[in-house]
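Residue numbers for the sequence shown follow our numbering, so the first one is 345 and each next one is one higher.
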Amino acid sequence: MVIKASSNYGWFLDDFSVEDSSGSEMLRNGNFENGTLTNGWISIHCEDLYCANITNLGCSGGSGLCYYVTCDTVQALQQTFSTTPTNAYTFSFQIKWIGSIGSANNNWLSYSIS
């Protein structure tokens with residue numbers, strides 16, 4: 345997944361999931377609840393406290409942890425997983441754009457792609 349923030353405002357990402365046709369979760373730490381990206385995720389471009397990190401503020405559902413990017417740059421998260429030819433997979437995640445510095449649109453957008 346590659347997302348670019350604009351105007352230095354950033355975004356939150358939460359509850360990233362990839363399920364196979366039987367409903368088995370393919371990702372590790374897709375909801376970022378272990379508090380680090382080192383369990384499955386590779387972050388490309390900005391990965392420091394001032395640009396991107398795991399936070400417990402502003403996350404989906406009002407609790408738990410999520411991924412938070414505050415810089416105006418292309419940010420990529422990568423995770424590999426095994427697939428089986430002819431199997432169907434469903435990708436889903438929630439994202440919330442930050443409307444201005446220090447404030448966020450409280451509406452989480454949910455996406456699901458099969």
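The beta carbon of each residue, even a glycine, is placed where N, CA and C say it ideally should be.
Where residue i falls: helix, strand or coil (DSSP)
i      : result
SER404 : helix
ILE445 : With a pLDDT of only 49 at ILE445, under the threshold of 50, the placement of this residue in the model should not be trusted; the figure read from the coordinates follows. Three-state DSSP puts ILE445 in coil, outside helix and strand.
ILE419 : The sequence shown places Gln at residue 419, not Ile. Here GLN419 sits in strand by DSSP.
TRP355 : strand
SER387 : strand
Counted within 10 angstroms of its Cβ, other Cβ atoms place residue i as buried (16 or more) or exposed
i      : result
ASN400 : exposed
ILE439 : buried
THR414 : buried
DSSP bridge partner residues for residue i (one or two, in chain order)
i      : result
LEU409 : Answer is none; LEU409 lacks a bridge partner.
GLU363 : GLU369 and THR434
THR399 : CYS410
LEU453 : ILE439
Report task. Give a yes or no on contact between the region 418-432 and the region 360-372, applying the rule of three or more CB pairs nearer than 8 angstroms. Result -> yes
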